[in-house]
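Residue numbers (the working numbering): 15 to 456.
Here is the structure we will look at, set down as structure tokens.
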């Protein structure tokens, strides 16, 4: 992210767990004042303690949202500020407060929204986010003087990728993609019935990134959970969301794929260091709003490839002093190439057959952007011409669970009414998924 200023709201820091509010006893700043991180913005007291409200970042006061003597719930903002602190932009707020239209009642968990559905279930708007930092091959090749740019581009198909800035978090990237998807879907956060986040790089082990995103969106009282199907995660999420809508659990389900892999790469490992970019992609799956009908789905996994793509830490073991822990992503390149090529081609053929389509009926195959050579080899075996495969790996790299929605954003303006799409992925596990969609223009 750049140093561009943005506006945000701050909350009083929560005190004892049982306390819900505090009284502001005195502001130390006014509108227009500049302040430094750690400076005292206000003094306050709760039922059990007096405390100072310190600035979590450098910034400028835009507006005070309450007056001296006001009693404020901890989940309501007290001040609006302007700051250029990127790490604070991605921080998790104490509570989501995005306006009344984005709030849901806490502790009200709805049952079946409208009963089981038998009609069309659709994907709506697609949202995406790529970090601002662009990392070109030349920068990474400084660690590998024996490899040329031409060779690297020929093997991977990648020229550049986006890497997150210091302080950016998966939940923050997911929020940006989700907000765009909701806006393009004309769906408010309060109208969501479920949130699914596909990721192998959560903010923390628990709580889930989906619950962190739920808090930022202000969409309380609905199911929210993470799933890990590696690069196939977003399509797994779309399929699960469709099931939630069909069963009547939700009218609208938000599905986000987000991965921040750049911090998990060993700069001495030439099999992984060049491949991965960071990003997030999202959509809303709906049974109540017309969109792009989901026609067929295939989900599968084959544990014969269990160790071909892996990251073994963190797991259930807490490393002691001197422990030999490998924290990086590792790939068994040759074996993964063969397995992924066969899996890609097979699920593409199967989902086309399941629809009753012919290969030439498919306008675009939108694959997970795994590796240029894998996708070319998969096309030959799938029966679909390679010029029908949409690739954007050259400028975004392998963004794992975010790759398919990010590619869809690039092609959606050029799609025609009733174009047939095959979305497909292969990931660690080995997982594989394919979803067919018929694109409808409004």
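Glycine included, C-beta positions come from ideal geometry on N, C-alpha and C.
Answer with buried or exposed for residue 185, where buried requires no fewer than 16 other C-beta atoms within 10 angstroms of its C-beta.
-> Residue burial is scored here from C-beta neighbours: residue 185 has at least 16 other C-beta atoms within 10 angstroms and is therefore classed as buried.
Specify, as a first and last residue, the run of the alpha helix (DSSP H) that residue 88 falls within.
-> Unbroken run through residue 88: none, as it is neither H nor E.
Can you tell me which of 210, 231, 230 puts its alpha carbon nearest to the alpha carbon of residue 241?
-> 210
With a floor of 4 residues, list each alpha helix (DSSP H) that falls wholly inside the region 243-267, ordered by position along the chain.
-> Taking only runs of at least 4 residues, the alpha helix (DSSP H) segments lying wholly in the region 243-267 are 247-261.
What number of angstroms, rounded off, separates the C-alpha of residue 51 from the C-alpha of residue 18?
-> 17 Å
Assign residue 437 to one of three DSSP states: helix, strand, or coil.
-> strand
Can you tell me the Cα-Cα spacing of residue 243 and residue 315, whole angstroms?
-> Rounded to the nearest angstrom, the gap between the Cα atoms of residue 243 and residue 315 is 9 Å.
In angstroms with no decimal places, state the Cα-to-Cα distance between residue 357 and residue 403.
-> 16 Å
State the Cα-Cα distance for the pair residue 411 and residue 291, rounded to the nearest angstrom.
-> 5 Å
Beta carbon of residue 80, beta carbon of residue 24: below 8 Å?
-> no
DSSP three-state assignment for residue 313, whether helix, strand or coil | strand
Closest by C-alpha distance to residue 428, when choosing among 377, 406, 444, 414 = 377
Buried or exposed: residue 224, going by 16 or more other Cβ atoms within 10 Å of its Cβ?
-> buried
What is the DSSP secondary structure of residue 457, counted as helix, strand or coil?
-> Absent from the model: residue 457. The displayed extent of the chain is 15 to 456, so no value can be given.
Under 8 Å, do residue 262 and residue 195 count as touching if we go by C-beta distance?
-> no
Residues near residue 119 by beta carbon distance below 8 Å, same chain, minus five either side = The predicted position of residue 119 is uncertain, since its pLDDT is 40 and thus under 50; a value taken from the coordinates is nonetheless stated next. Excluding residues within five positions, the ones whose Cβ falls inside 8 Å are 234, 235.
By how many angstroms is the C-alpha of residue 151 removed from the C-alpha of residue 172?
-> 8 Å
Counting pairs of Cβ atoms below 8 Å between the region 330-345 and the region 276-288, do you hit three or more?
-> yes
Determine contact between the region 378-390 and the region 436-455, defined as no fewer than three beta-carbon pairs at a distance below 8 Å.
-> Contact between the region 378-390 and the region 436-455 is present, because at least three Cβ pairs lie under 8 Å.
Could you name the residues of the same chain whose beta carbon sits closer than 7 Å to that of residue 94, not counting the 5 residues immediately before and after it, in chain order?
-> 21, 23, 76, 77, 79
Leaving out the 5 sequence neighbours to the left and right, which residues in its chain are closer than 6 Å to residue 333 when beta-carbon positions are compared?
-> 339
What separation, rounded to the nearest whole angstrom, lies between the Cα atoms of residue 65 and residue 447?
-> 52 Å
Quick one: using the 10 Å Cβ neighbour count with 16 as the cut-off for buried, is residue 48 buried or exposed?
-> Answer is exposed; the Cβ neighbour count stays below 16.
Hey, residue 13 and residue 324: beta-carbon distance below 8 Å or not?
-> As shown, the chain starts at 15 and ends at 456. That puts residue 13 outside it, with no answer to give.
Considering only the beta carbon of each residue, do residue 191 and residue 295 sit closer than 8 Å?
-> For residue 191 and residue 295, yes; Cβs fall inside 8 Å.
Put residue 239 into one of helix, strand or coil per three-state DSSP.
-> strand
Over the uninterrupted alpha helix (DSSP H) stretch that includes residue 187, give me the two end residues.
-> 184-199
Same chain only: Cβ atoms within 7 Å of residue 56, ignoring 5 sequence neighbours per side | 38, 40, 41, 42, 67
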